[in-house]
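Heads up, the thing below is written out as structure tokens.
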């Protein structure tokens, strides 16, 4: 089961204990668990594929941050969890995440599974109808970083790529990841 956690997601950085396991599925309909990413830090963003600006910006920032930290990014698994499980499934979800970077794993599930995962991370979202059957989804823009032991997590506000990179370097360094290959490491600290 993919482990997500409870905690305040509105602050700049909040550490909290992981206390809820969740089962989600990938674009192929395969169940995904935290065991599928042993030894990795999970970098999680909630969004949806029909999002006009916020989600593409967030995923682009995540990818740029991972690129900035170089080989240390191998210790991080970026995950996109949809808040629109009715539309975001299968090939659409796979194409959306792959358009940003093939390292990003797109996850969905039943509406109840997604709601439980979002609630555990204090991610707010709501469907807003545009006067007809079409809708958008208002949602939080926080990132969650869960350590490889799946006991502790940190939720941080979405920021510029260099700020995400600096946060990742801090978390990875505290987690024992070798950072010797990070370009200009002193500038990040």
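In my numbering, the protein residues as written are 203 to 391. Positions of the beta carbon are idealized from the N, C-alpha and C atoms, including for glycine.
Is residue i close to the ligand MG? I mean its beta-carbon at under 8 Å from any heavy atom of the ligand.
i	result
residue 281	Among the components of this structure there are no ligands whatsoever, and the ligand MG is therefore not found.
Could you check which residue in the options has the C-alpha nearest to that of residue i?
i	options	result
residue 285	340, 216, 369	340
residue 241	234, 298, 276	276
residue 256	361, 226, 310	361
residue 281	342, 239, 315, 364	239
residue 254	298, 367, 334	298
residue 272	372, 367, 373	367
residue 225	250, 312, 305	312
residue 233	270, 274, 310	310
residue 245	382, 252, 283, 231	283
residue 363	268, 296, 251, 247	268
residue 365	296, 326, 322, 270	270
Please classify residue i as buried or exposed, where buried requires at least 16 neighbouring CB atoms within 10 angstroms.
i	result
residue 392	One cannot answer for residue 392 here, as it falls past the ends of the chain, which runs 203 to 391.
residue 324	buried
residue 288	exposed
residue 278	buried
residue 209	The predicted position of residue 209 is uncertain, since its pLDDT is 34 and thus under 50; no value can be drawn from it.
residue 346	buried
residue 308	buried
residue 215	exposed
By Cβ distance, which residues of its chain are closer than 7 Å to residue i, with the 5 residues on each side in sequence left out?
i	result
residue 369	358
residue 302	261, 262, 265
residue 343	256, 260, 360
residue 315	224, 225, 226
Tell me which residues share the same chain as residue i and place their Cβ nearer than 6 Å to its Cβ, disregarding the 5 neighbours each side in the sequence.
i	result
residue 292	229
residue 328	340
Looking only at its chain, what residues have a beta carbon closer than 8 Å to the beta carbon of residue i, apart from the 5 residues adjacent to it on each side?
i	result
residue 330	337, 338, 339, 340
residue 332	338
residue 373	243, 347, 349, 356
residue 317	none
residue 217	209, 354, 355, 356
Exercise for review: Kindly provide the ranges of any beta strand (DSSP E) runs that are 3 or more residues long and lie completely inside the stretch 232-259, ordered along the chain.
Suggested key: 243-249, all fully within the stretch 232-259.
Check your understanding: Are three or more beta carbon pairs between the stretch 366-379 and the stretch 344-358 nearer than 8 Å?
Key -> Yes, the stretch 366-379 is in contact with the stretch 344-358.
Review point. Which runs of the alpha helix (DSSP H), 4 residues or longer, sit entirely within the stretch 296-380?
Key: Given a length threshold of 4 residues, each whole run of the alpha helix (DSSP H) inside the stretch 296-380 is given here in chain order: 313-322, 363-376.
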